[in-house]
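Reviewing the structure listed below.
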Amino acid sequence: MKAPRQASSRALLPLVLLGAMATAPAQAETDPESGLIKAPGWEAVKAQCGVCHSHKLVTAQRGDAAFWTGLIRWMQGTQNLWALPEPLEGEIVSYLATQYNETDWGRRPQLPPTLLPGG
């Protein structure tokens with residue numbers, strides 16, 4: 000009786016590649032001009048936030064809806080940001096809390112105080 004023939008690694012390569020592609024996370028498309036992730040609401044953020052400051056200031060922040068709403072209120076109270084009509088503000092906050100949320104932080108967590116100088 001003959002031993003079963005081993006499949007060649009060359010024959011398995013397409014299957015391995017298909018499996019890797021199926022599990023690889025999709026890269027979000029970004030606007031080349033602003034760097035914002037293209038998702039529902041990105042045009043509103045580009046139009047409103049980019050009037051006063053760089054979009055890099057937006058993409059460097061992370062937070063939930065309460066964080067982004069608080070930041071808008073701070074800018075309205077101290078930086079002369081105009082009042083945003085409710086549908087527009089809701090769209091902006093929803094976009095920011097989804098695309099730039101606190102769980103999607105690309106930096107290491109803050110060091111505990113015990114590891115800081117004088118801590």
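Start counting the sequence shown at 0; every next residue gets the next number (numbering that gives the first Met the number 0).
By construction, the Cβ of each residue, glycine as well, lies at the ideal position given by its N, Cα and C atoms.
This one's a predicted model, so the numbers in the text were calculated from it and none came from an experiment.
1. Can you list, in chain order, the residues of its chain whose CB lies under 7 angstroms from that of Gly40, leaving out five sequence neighbours each side?
2. DSSP three-state call for Thr102: helix, strand or coil?
3. Between which two residues does the alpha helix (DSSP H) harbouring Lys55 extend?
4. Whole-angstrom Cβ separation of Lys45 and Ser53, contact assumed at under 8 angstroms?
5. Applying the 10 Å Cβ sphere with the 16-neighbour rule, what's the burial state of Pro24?
6. Under 8 angstroms between the Cβ atoms of Tyr99 and Thr58?
7. Kindly indicate the opening and closing residues of the alpha helix (DSSP H) around Leu35.
8. Identify the continuous alpha helix (DSSP H) that holds Trp81 and give its terminal residues.
9. With 16 as the cutoff for other CB atoms within 10 Å, does Leu110 come out buried or exposed?
10. With H, G and I counted as helix, E and B as strand and the rest as coil, what does DSSP make of Pro86?
Taking the coordinates as given:
1. Glu90, Ile91, Ser93 and Tyr94
2. coil
3. His54 to Thr58
4. Incorrect: roughly 12 angstroms between the Cβ atoms, too far for contact.
5. With a pLDDT of 43 at Pro24, under the threshold of 50, the modelled position of this residue cannot be trusted; read the value that follows with caution. It is exposed - the Cβ of Pro24 has fewer than 16 other Cβ atoms within 10 Å.
6. yes
7. Per DSSP, Leu35 belongs to no alpha helix (DSSP H) and is neither H nor E.
8. Premise fails: Trp81 is in no alpha helix (DSSP H) and is neither H nor E.
9. exposed
10. helix
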